[in-house]
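Novice: Here's a structure for you.
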Amino acid sequence: MKLQGQMTTNEKSKSTLWSWEENKAFEVAVAIHAEDRSDRWERIAAAVPGRTIAEIKHHYQRLVEDIRTIEGGLDPLPPYLPRNRAAHTGHYQGISNHGVKGSSRSNQERRKGIAWTEDEHRLAISF
86 MKLQGQMTTN EKSKSTLWSW EENKAFEVAV AIHAEDRSDR WERIAAAVPG
136 RTIAEIKHHY QRLVEDIRTI EGGLDPLPPY LPRNRAAHTG HYQGISNHGV
186 KGSSRSNQER RKGIAWTEDE HRLAISF
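Taking our numbering, the leading residue of the sequence shown gets 86, the next gets one more, and so forth.
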């Protein structure tokens, strides 16, 4: 018997294989749909075609577990370039201004593909 919100074996196996596009749609949907909305999961699922609410909830739970593991120091941070070393752009850029009102599109484009600094990583997981 399957209870509401639980996944079948087939759903669990599919839920482990998310494409880049699905992950991106999921991330955006999680960011824009408030936690206090009663229809949050339905809205997020609608933003990720082909995924069920159960898969969305499972994926979100895995994300939360990953964040707890990282914040708890159980998963080491990836190695970052020291601040005084040149990055791919030729100089250290500090915290990204991605999403900051007034930041230029060309500046955001320049940041694509460049590894995050340790500060940027900590900022991203603090949400």
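For each residue, glycine too, the CB sits at the ideal point set by N, CA and C.
Model, not experiment: these values are computed from the prediction.
#1: Can you give me the Cβ contacts of ILE141 inside the same chain, cut-off strictly under 8 angstroms, excluding the 5 residues immediately before and after it?
#2: Measure the C-alpha to C-alpha separation of LEU102 and PRO164 and round it to an integer number of angstroms.
#3: Nearest by alpha-carbon distance to VAL115: which of SER104, GLN146, HIS206 is it?
#4: Take LEU166 as the anchor and find which of ILE117, GLU107, GLU205 has the nearest alpha-carbon.
#5: Answer with buried or exposed for THR154, where buried requires no fewer than 16 other C-beta atoms within 10 angstroms of its C-beta.
#6: May I have the straight-line CA-CA distance separating GLU203 from ASP124, to the nearest angstrom?
#7: Taking the C-alpha atoms as reference points, what is the distance between THR137 and HIS144?
#8: Buried or exposed: where does ALA237 fall if 16 or more other Cβ atoms within 10 Å of its Cβ makes it buried?
#9: So, at 8 angstroms on beta carbons, what are the nonlocal neighbours of GLU156 in its own chain, with the 5 sequence-adjacent residues on each side left out?
Specialist: Walking through what the data contain:
#1: As a working mapping, residue 141 is identified with position 56 in the sequence shown. Excluding residues within five positions, the ones whose Cβ falls inside 8 angstroms are PHE111, TRP126, ILE129, ALA130, VAL133.
#2: For the purposes of this step, residue 102 is taken as residue 17 along the sequence shown, with counting starting at 1. For the purposes of this step, residue 164 is taken as residue 79 along the sequence shown, with counting starting at 1. Approximately 26 angstroms, taken between the alpha carbons.
#3: Here the question's residue 115 lines up with position 30 in the sequence shown. The shortest C-alpha separation from VAL115 is found at GLN146.
#4: Translated into positions along the sequence shown, residue 166 becomes position 81. Among ILE117, GLU107, GLU205, the Cα nearest to that of LEU166 is on GLU205.
#5: Taking the first residue of the sequence shown as 1, we reach residue 154 at position 69. Exposed, because fewer than 16 other Cβ atoms sit within 10 Å of the Cβ of THR154.
#6: Within the sequence shown, numbered from 1, the residue matching residue 203 stands at position 118. Within the sequence shown, numbered from 1, the residue matching residue 124 stands at position 39. Taking the straight line joining both Cα atoms gives about 35 angstroms.
#7: For the purposes of this step, residue 137 is taken as the residue at position 52 of the sequence shown. For the purposes of this step, residue 144 is taken as the residue at position 59 of the sequence shown. The alpha-carbon atoms of THR137 and HIS144 are separated by roughly 11 angstroms.
#8: Nothing can be reported for residue 237, as the shown portion of the chain is limited to 86 through 212.
#9: Translated into the one-based positions of the sequence shown, residue 156 becomes position 71. So the qualifying residues of the chain are ILE210.
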